[in-house]
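Reading the sequence shown from the start, the letters are residues 25 to 368 in this note's numbering. Glycine included, C-beta positions come from ideal geometry on N, C-alpha and C.
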Amino acid sequence: MSTKALTSAHANSLKAHMLRFSVVSALVLVLAVSLEWSMSFVTAIFTAQLLLPGKPPLNLALVKTLALAVLSCFLVGLGVVLIAQPYPMLLFIILAWCLFFVFYRASTGLNELVVLFLLVALIALPMLASTSRAAASGFVVDFMLAFVLALLVVAFVHWLVPVNDDFHQAAEKPQAQCLNHQDATRQAMVSTIVILPLIIYFFAFDKLSDLLVVIFVAILAQNPELTKGAKASIGIIFTNIVGGLIAVLVFNLLVAAPQFSFMALLITLSFMLIAQAIYLHPKGAIVAAGLSAYIIILGSTIGSDGGLASAKFYARIFQLSLVGLYVVGSFYLVHKLAWLKPNE
Numbered sequence: 025m026s027t028k029a030l031t032s033a034h035a036n037s038l039k040a041h042m043l044r045f046s047v048v049s050a051l052v053l054v055l056a057v058s059l060e061w062s063m064s065f066v067t068a069i070f071t072a073q074l075l076l077p078g079k080p081p082l083n084l085a086l087v088k089t090l091a092l093a094v095l096s097c098f099l100v101g102l103g104v105v106l107i108a109q110p111y112p113m114l115l116f117i118i119l120a121w122c123l124f125f126v127f128y129r130a131s132t133g134l135n136e137l138v139v140l141f142l143l144v145a146l147i148a149l150p151m152l153a154s155t156s157r158a159a160a161s162g163f164v165v166d167f168m169l170a171f172v173l174a175l176l177v178v179a180f181v182h183w184l185v186p187v188n189d190d191f192h193q194a195a196e197k198p199q200a201q202c203l204n205h206q207d208a209t210r211q212a213m214v215s216t217i218v219i220l221p222l223i224i225y226f227f228a229f230d231k232l233s234d235l236l237v238v239i240f241v242a243i244l245a246q247n248p249e250l251t252k253g254a255k256a257s258i259g260i261i262f263t264n265i266v267g268g269l270i271a272v273l274v275f276n277l278l279v280a281a282p283q284f285s286f287m288a289l290l291i292t293l294s295f296m297l298i299a300q301a302i303y304l305h306p307k308g309a310i311v312a313a314g315l316s317a318y319i320i321i322l323g324s325t326i327g328s329d330g331g332l333a334s335a336k337f338y339a340r341i342f343q344l345s346l347v348g349l350y351v352v353g354s355f356y357l358v359h360k361l362a363w364l365k366p367n368e
């Protein structure tokens, strides 16, 4: 095959990949904000993330494996709740140990998706169980339903529109090396020290309405760039600012013309522009990293009624900004104190 033909084939794959990502992600987000279901944004987040380049194509066997793995993570969280929920001090001790173990295994090669769901289960379920165990169980059922729905949507799209992403392979970064025991232990300890006070705060002040923010903490906490110093930390803040700014722009346009057809067209257009930035721009990884913030902020607010939408929207922006600054700032302080400096 000639170089010209090869380049043309890659260009066609790139266009098809971009179109598949933008149209399907937009459709799922539009449906998510149209439904009166608090977990619909979870489906939108994972649908978009699993359709990004570099992700393996899903089939029913892989969907089953991932669903069972995620269910196991939530069973761990429910086990912690059942054992220690009546005893807050014991709960926090067990929670700290579990967080340390998860962060340690994350540093030694545990699958990122498993790490994410273990963190969500360990952070969210004790908070919900403080109100009632039925709420915690209901959260598991709803979250699992939303996640499995995302997997099935992505698997169906991969089957319906198979696209080769060879265009992505050349620019794919090598996988991060696993840390040795001492460095992994040190990093896990620091991560636990940073995250645990935030969990205790949400738990102690009964911040169930901010459960979405806690999930954002779980997504942010496993970012490996947090341990790489000031430049990387500023980069993480910037990516979430980018996601927030895109959400602000879309939201204000929707307020100006609150019609369903306009909302559907605008969200589709936003995803097409996001796809262009992710796939074609040299710094597209920044936009991809801010994608979760965009979907969380927009998906959890534009379904609100009347003037409540604006108040909820900017409150969510403020909450995510404060939590992001706390997490990133804490890791930056730890880096400055050289707590993560590897042994010579």
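Cβ-based neighbour list, residue i, same chain, cut-off 7 Å, excluding 5 preceding and 5 following
{"i": "alanine 72", "result": "Ser49, Leu315, Ile319"}
{"i": "methionine 56", "result": "A small fix is needed here, since residue 56 is alanine in this sequence, not methionine. Within the same chain, alanine 56 has close Cβ partners Ser64, Phe65, Thr67, Ala68, Gly323."}
{"i": "serine 345", "result": "none"}
{"i": "asparagine 188", "result": "Ser37"}
Residue i versus residue j - alpha carbon distance
{"i": "alanine 68", "j": "valine 181", "result": "14 Å"}
{"i": "serine 37", "j": "tryptophan 121", "result": "46 Å"}
{"i": "alanine 281", "j": "alanine 317", "result": "23 Å"}
{"i": "leucine 278", "j": "proline 306", "result": "30 Å"}
{"i": "leucine 304", "j": "leucine 115", "result": "47 Å"}
{"i": "phenylalanine 163", "j": "serine 294", "result": "30 Å"}
{"i": "arginine 129", "j": "methionine 287", "result": "42 Å"}
{"i": "valine 165", "j": "phenylalanine 262", "result": "34 Å"}
{"i": "valine 218", "j": "valine 144", "result": "16 Å"}
{"i": "valine 352", "j": "leucine 95", "result": "29 Å"}
{"i": "methionine 7", "j": "leucine 297", "result": "Outside the modelled stretch of the chain, which goes from 25 to 368, sits residue 7, for which no answer is possible."}
{"i": "phenylalanine 226", "j": "leucine 149", "result": "12 Å"}
{"i": "tyrosine 356", "j": "leucine 269", "result": "24 Å"}
{"i": "alanine 309", "j": "proline 77", "result": "11 Å"}
{"i": "alanine 313", "j": "alanine 301", "result": "12 Å"}
{"i": "glycine 330", "j": "valine 311", "result": "Confidence at glycine 330 is low in this model, with a pLDDT of 44, below 50, so the placement of that residue is unreliable and no value is reported for it."}
{"i": "valine 444", "j": "alanine 153", "result": "Since the displayed the chain opens at 25 and closes at 368, residue 444 lies outside it and no answer follows."}
Exposure label - residue i; buried when at least 16 CB within 10 Å
{"i": "glutamine 206", "result": "exposed"}
{"i": "threonine 216", "result": "buried"}
{"i": "glutamine 283", "result": "exposed"}
{"i": "glycine 348", "result": "buried"}
{"i": "leucine 90", "result": "buried"}
{"i": "isoleucine 291", "result": "buried"}
{"i": "isoleucine 321", "result": "buried"}
Own chain, CB closer than 8 Å to residue i, minus 5 neighbours either side, in chain order
{"i": "asparagine 135", "result": "Ala93"}
{"i": "glutamate 196", "result": "Any answer about glutamate 196 is weak, because its pLDDT of 46 lies below 50 and its placement is not dependable; what the coordinates show is given next. Excluding sequence neighbours, glutamate 196 sits near Gly78."}
Residue interval of the alpha helix (DSSP H) (run including residue i)
{"i": "histidine 205", "result": "205–228"}
{"i": "alanine 299", "result": "284–304"}
{"i": "glycine 103", "result": "84–108"}
{"i": "alanine 317", "result": "315–323"}
{"i": "proline 112", "result": "112–131"}
Residues of its chain near residue i, where Cβ-Cβ distance is below 6 Å and the 5 sequence neighbours each way are ignored
{"i": "methionine 42", "result": "Ala299, Tyr303"}
{"i": "phenylalanine 45", "result": "Leu75, Ala299"}
{"i": "alanine 208", "result": "Tyr128, Ser131, Thr132"}
Checklist entry - Where in the segment 151–180 do unbroken runs of the alpha helix (DSSP H), each at least 4 residues long, occur, reported from the N-terminal end onward? => result Counting only runs that start and end inside the segment 151–180, there is no alpha helix (DSSP H) element of at least 4 residues.
Next on the checklist: Quick check on the DSSP output: what are the complete alpha helix (DSSP H) runs of length 4 or more inside the segment 28–73, in order along the chain?
Outcome noted: Positions of the alpha helix (DSSP H) runs, each at least 4 residues long and wholly inside the segment 28–73, cannot be given because no such run exists.
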